[in-house]
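The UniProt record's numbering numbers the first residue of the sequence shown as 1 and each following residue consecutively. Ideal Cβ placement from N, Cα and C applies to all residues, glycine included. Below is one structure, written out as structure tokens, with a few remarks after it.
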Amino acid sequence: MAENESDETDRTAGARHKIRVSAARNRGRHNTGKGEYFPRVVTWTTVGTFIPGVALIAAGRKKLGGLILGLFIAGLIVLGAFVLMTGPMKFALSMAASPDTLLFLAIALGIGLAVWAAIIIVSYLVLRIPRQFTAGQRVLGGILVVSLVVIVGLPTGVASYYSMTQRSLLLNVFQAPDSAGSKQALDKEDPWKDKKRVNVFLMGRDDGAGRTGVRPDTLIVASIDTRSGETTLFSVPRNLAFPHFPKDSSLAKHFPQGFTGYGSAESLINAVWTWSSENPDLVDAPKGQETGLYATMQAVSGSLDLDIDYYATVNLKGFEDVVDAIGGVKIDVERRIPIGGGTNMKTGGKNAVTGYIEPGDQKLNGKTALWYVRSREGSDNYDRMCRQQRMIKTVLGQVQPASLATAFPRLAGSASKNIETDIPQQDLQAFVGLALKAQDAGVVSAQINNDVTSTVNPDYDELHKWVKKKLGEEPKKPKSSEESAGSGKESGNDSDKEPNDEASGESDQPASEETEQAKKGESEPTESAPEPGEETADGKCYPRGYNPNEAATP
């Protein structure tokens with residue numbers, strides 16, 4: 001009996017030994033216990049990357065992990081509450097419009113990235129300290145940690161870079177609060193409380209590499225209703241003669257009957273820049289502002305009887321860059337638009353036409369879009385102004401935040417060199433809000449042409465009344481039959497001679513040619529182009545006398 005019990009005990013001990021040996025062998029098949037914990041380390045390190053602190057809690061470091069997780073959640077709650085209280089759009093604008101805030105954001109993102117990367121690395125090390133990994137798993141673990149740091153670091157680094165780029169844009173383009181001639185800051189709570197309308201002078205500058213001096217190429221005033229956002233774009237012809245200046249200005253005292261600096265034939269509004277640059281002592285421009293720009297802005301203000309509140313100018317390269325930055329602009333081209341052409345003022349000969357923008361649906365890049373708005377061959381100033389306004393409205397309607405974000409660094413660099421404005425940095429938030437209103441409310445075109453007043457011998461009293469009517473500040477009176485019949489009597493008297501085009505070798509078509517077009521337009525009115533310089537019902541622009549129903553010839 002005793003022997004049987006002893007044998008049974010031996011068999012039991014032997015079985016247990018076999019089990020231990022078998023388990024050891026099984027562990028050997030799995031690297032003798034090494035690496036069994038590896039999937040768990042990978043999982044918790046990954047989770048802890050996106051929810052900081054969780055991995056440390058899983059590794060047994062509950063106090064440290066809990067503190068990091070608590071701070072992370074608290075930060076999200078505070079940020080979310082602040083965004084909800086201020087509004088997502090207002091929050092974003094307040095961040096993007098302050099150089100100091102952008103600098104703080106860039107630094108905070110850099111520090112945050114360093115802390116976040118440290119948490120990822122520490123979490124991985126703490127999770128694997130009591131475990132043994134194979135050589136291959138250690139390599140994979142290192143690759144995992146580096147990959148997670150890169151995943152976190154790329155968007156954070158890009159955000160920091162964009163913050164510094166935006167800050168550079170603000171500092172280089174928009175006016176600093178303490179700069180010479182800086183404007184008084186608007187009220188932050190209600191920036192437009194004392195302003196029914198804001199008038200912004202927009203000018204395309206014909207300057208840059210290979211060009212001498214500055215020529216105002218496009219003169220537009222955007223008059224914006226600050227309550228509704230409704231915007232009227234007033235296009236001023238470059239050949240508007242004898243422009244007036246605001247009362248009590250130094251230029252008005254020097255030219256009480258209008259600008260006559262170059263005699264009766266060439267005293268046009270686009271010549272004011274050159275004259276004022278030659279006679280700066282008579283202009284009395286504010287400190288820090290270009291004499292030519294200030295005088296031109298004064299001429300536009302006095303001629304339209306509108307107070308100019310702010311200005312923004314862009315040169316040819318800047319315009320090209322904006323169009324290219326948004327990926328081009330889609331537009332239904334109304335007719336063949338010549339590339340090149342015009343009269344060379346130095347030789348008197350015709351410049352060669354090197355190509356055409358073909359009619360129909362087109363996607364124009366920066367270069368072709370520039371020719372669309374500037375081409376003069378076979379055209380007139382009013383058709384050209386119409387195309388300029390059409391392009392502005394088309395670009396505004398097609399701007400997409402995603403395309404702008406992709407091209408933002410390049411666009412910001414171009415803007416720093418090619419755009420100038422006196423809009424203060426501290427008022428950017430108010431202006432962006434106003435721009436969003438204007439985009440929703442729509443834009444109305446208003447071209448000053450010979451049907452408004454003769455550009456050769458303007459009646460500025462009538463022009464001022466017309467501007468007020470366009471802004472709804474004066475009741476419109478129905479035209480009498482005599483007025484309707486005589487509304488176009490001045491149309492053939494326009495002259496497009498532009499002295500400032502001499503330096504670039506360009507000019508509009510000869511006055512006699514436009515006169516013939518004017519006569520043709522009066523005798524053969526077309527249904528598609530009821531007014532010169534006005535968009536048709538389908539939003540297209542044609543020169544006076546052009547019949548879109550007839551086949552166009554090059």
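Reduced DSSP category for Gln362 - H, G, I as helix; E, B as strand; rest coil: strand
Out of Gly366, Gly378, Met391 and Ile337, point me to the one whose CA is closest to Gly327's CA. Gly366
With three or more C-beta pairs closer than 8 Å as the rule, is the region 194-206 touching the region 218-226? yes
Tell me which residue opens and which closes the beta strand (DSSP E) that Pro338 is part of. Ile337 to Gly340
For Gln426, the residue or residues it bridges with in DSSP: In the DSSP output, where bridge partners are listed per residue, Gln426 has none listed.
Tell me where the alpha helix (DSSP H) around Pro99 begins and ends. Pro99 to Arg128
Spatial neighbours of Thr260 in its chain, beta-carbon cut-off 7 Å, leaving aside the 5 residues before and after: Phe242 and Ser267
Determine the direct distance from the alpha carbon of Asp100 to that of Ser94, and round the result to whole angstroms. 11 Å
Is it the case that the region 448-468 contacts the region 285-297, given that we only count it when at least three CB pairs across the two stretches are under 8 Å? no
Work out the CA separation of Ile129 and Met89 for me, nearest whole Å. 47 Å
Determine the contact status of Arg376 and Arg384, defining contact as a CB-CB distance below 8 Å. yes
Are the beta-carbon atoms of Ala81 and Gln429 separated by less than 8 Å? no
Residue range of the unbroken beta strand (DSSP E) whose run includes Leu202: Arg197 to Arg205
If you compare alpha carbons, which of Arg335, Lys350, Val322 and Gly229 is closest to Leu471? Gly229
By Cβ distance, which residues of its chain are closer than 7 Å to Val373, with the 5 residues on each side in sequence left out? Arg387, Gln388 and Met391
Selection from Phe38, Thr134, Asn549 and Lys183 that minimises the alpha carbon distance to Ile308: Lys183
Expressed to the nearest angstrom, what Euclidean distance is found between the alpha-carbon atoms of Pro543 and Leu304? 24 Å
Whole-angstrom distance between Val353 and Lys393, CA atom to CA atom: 27 Å
For Val149, collect the residues of the same chain with a Cβ closer than 7 Å to its Cβ; drop the 5 residues on either side in sequence, then sort them by chain order. Ala117 and Ile120
Are the CB atoms of Tyr356 and Ile339 nearer to each other than 8 Å? yes
In whole angstroms, what is the alpha-carbon distance linking Ala325 and Leu170? 18 Å
May I ask which residues mark the beginning and end of the beta strand (DSSP E) holding Lys330? Val329 to Val333
Is Asn26 helix, strand or coil by DSSP? Residue placement at Asn26 is poorly supported in this model, since its pLDDT is 46, which falls under 50; the coordinates still yield a value, given next. The answer is helix: DSSP assigns Asn26 an H, G or I state.
Leu316 classed as buried or exposed, judged by whether at least 16 other C-beta atoms fall within 10 angstroms: buried
By how many angstroms is the C-alpha of Trp275 removed from the C-alpha of Ala438? 35 Å
Whose C-alpha, out of Ile419, Pro280, Gly258 and Val467, is nearest the C-alpha of Gln175? Ile419
Helix, strand or coil: how does DSSP classify Val272 here? helix
Three-state secondary structure (DSSP) at Ile392? helix
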